[in-house]
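Undergrad: Residue 51 is where the sequence shown starts when you use my numbering, and the numbers rise one by one after that. Input: one structure, supplied below.
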Amino acid sequence: MRILGIESSCDETAIAIVSGNGDDLVIEKSLIASQAALHAKYGGVVPEVAAREHIDAIFPLLLESGIPRDGSGIDAIAVTSGPGLVPALRVGVELAKTLAWAWGKPLVGVNHLEGHLYSTFKAIEFPALALLVSGGHTEIVLMKDHGIYERVGATRDDAAGEAFDKVAKLLGLGYPGGPAVSRAAENGDPEAIVFPRPMMESGDFDFSFSGLKTAVAVYLRAFEPSNLRPSIPNVCASFQAAVVDVLVTKTMRAVEQFQPKCLILAGGVSANKALRDRLLRDFSPVGTFLVPDLSLTGDNAAMIAAAGYHHALRGDYCDPLTLVADPNMELVENRTPIK
Ligand code: KG4
Ligand code: ZN
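Structural data, given as structure tokens:
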């Protein structure tokens, strides 16, 4: 089965073709047009600007993918229908609906977060536990089977990626902040400054990162902006150590409780080397650690096609005339009690 994937939820326009056979998924094409440099000058993503850029980028990518004009060779279309920025999401959703209708192909509306869960392109053994860390979300998800998820914990305020972005802003490192902070951290001492580990001992699997960002801001008040530069590596390394400590400690406690066969780390923050290394070290004696290739940690359409493939196997399609972009789409509709 060959799936066309379409992604436009934030600041990357992406088109991919993925072919699947049982649990084996192969990326035939994965094309991404990133707007990150454009939004950097605003310090964050501007929805209307993003939408205009998606409109300009999406047809050239579709042509570049080499799909014939009549859609032959494609068995289904998968598109991110939420969560994300509505004007941005709509570009991909409307293209997908139009193609599905014109080509007469089935359509899947994919949750962007579910896409990240499938970004490792490895067979998932169930039950699996996933730590999903992106710019907008921080969640621990128990995957009982394809499409059957329970949210074990989530952030109560800022997402982990958002905390990286905000700390980068405080330090004048630009947007997106995660890569800049982790790069600066490589030359710093993670034990130089003891930042708080919020909610690490809270007894549940929830997170809170806004207090940590405030702790960094308070620490920085002692510095004149002109004196800040030499301290940046230590601030970044110590902040990163606090985030990684909380994420890994709580994830490993969830591992103890839910006994998964594999652990998935996904979302933009999964590019963070310190986080990847710690989870690999701690989880490897327990089971299989799955993490996306660095080319697939950020937003892409291959992961959307991969998630869509599993919906397609179940015949779980939607109506091309009625699919709508849902900015608040939940991965798990209701927080059901875990047995
Ligand atoms: O999944 P993603 O590409 O977009 C969303 O769906 O949000 O995640 C983007 C987030 C940003 O907050 C970015 O700063 C963060 O991922 N990020 C990182 C790293 N690379 C990207 N955070 C920490 N370390 C990194 N190396
Ligand atoms: Zn994402």
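Just so you know, even glycine gets a beta-carbon here, dropped at the ideal spot from N, CA and C. Here the structure is a predicted model, which means the values were calculated and not measured.
In this structure, how does DSSP classify residue 78 when only helix, strand and coil are distinguished?
TA: strand
Undergrad: For residue 87, does the count of other Cβ atoms within 10 angstroms reach 16, so buried, or fall short, so exposed?
TA: Taking all protein chains in view, the Cβ of residue 87 is surrounded by fewer than 16 other Cβ atoms within 10 Å, so the residue is classified as exposed.
Undergrad: Is any heavy atom of the ligand KG4 found at a distance shorter than 6 Å from the C-beta of residue 229?
TA: yes
Undergrad: According to DSSP, is residue 92 part of a helix, a strand, or is it coil?
TA: coil
Undergrad: Is residue 230 helix, strand or coil by DSSP?
TA: helix
Undergrad: Bridge partners of residue 180, per DSSP?
TA: 191 and 314
Undergrad: Give me the Cα-Cα distance between residue 311 and residue 181, rounded to the nearest whole angstrom.
TA: 14 Å
Undergrad: What does a CB cutoff of less than 7 Å around residue 386 pick up in its chain, not counting 5 residues either side in sequence?
TA: Its pLDDT being 45, under 50, residue 386 is placed unreliably by the model, and the measurement read from it follows with that caveat. Hits under 7 Å: 200.
Undergrad: Count the other CB atoms, across all protein chains shown, that sit within 10 Å of the CB of residue 161; report buried if there are 16 or more and exposed otherwise.
TA: buried
Undergrad: Going by DSSP in three states, residue 205 sits in which element: helix, strand or coil?
TA: strand
Undergrad: On the CB-based measure, 16 or more other CB atoms within 10 Å of its CB, does residue 215 come out buried or exposed?
TA: So residue 215 ends up on the buried side.
Undergrad: Evaluate the contact criterion for the stretch 370-384 versus the stretch 68-88: three or more CB pairs, one atom per stretch, below 8 Å.
TA: no
Undergrad: Give me the pocket residues for the ligand ZN, defined as CB within less than 5 Å of any heavy atom, sorted by chain position.
TA: Every residue passing the under-5 Å Cβ criterion appears here: 184 and 349.
Undergrad: In its own chain, which residues sit with a C-beta less than 7 Å from the C-beta of residue 138, not counting the 5 before and 5 after it?
TA: 58, 59, 60, 97, 100, 101 and 104
Undergrad: Any idea if residue 309 is buried or exposed, counting beta-carbon neighbours within 10 angstroms, 16 or more meaning buried?
TA: exposed
Undergrad: Between the C-alpha atoms of residue 122 and residue 54, what's the straight-line distance to the nearest angstrom?
TA: 11 Å
Undergrad: Answer yes or no: the CB of residue 161 versus the heavy atoms of the ligand KG4, is any distance below 6 Å?
TA: The answer is no for residue 161.
Undergrad: Taking only three categories from DSSP, how would you classify residue 242?
TA: coil
Undergrad: At a cut-off of 6 Å, would you count residue 215 as near the ligand KG4, judging by its Cβ distance to the nearest heavy atom?
TA: Correct: residue 215 has its Cβ closer than 6 Å to the ligand KG4.
Undergrad: DSSP three-state call for residue 165: helix, strand or coil?
TA: Residue 165: helix per DSSP, three-state reduction.
Undergrad: Does the distance from the CB of residue 365 to the CB of residue 166 come in under 7 Å?
TA: no
Undergrad: With H, G and I counted as helix, E and B as strand and the rest as coil, what does DSSP make of residue 277?
TA: Residue 277: helix per DSSP, three-state reduction.
Undergrad: In terms of residue numbering, what span does the beta strand (DSSP E) encompassing residue 52 cover?
TA: 52-57
Undergrad: Between 255, 274, 234 and 143, which lies nearest to residue 188 when the distance is taken from Cα to Cα?
TA: 255
Undergrad: With C-beta atoms as the reference, is residue 257 less than 7 Å away from residue 299?
TA: Cβ distance not < 7 Å, so residue 257 and residue 299 don't count as in contact.
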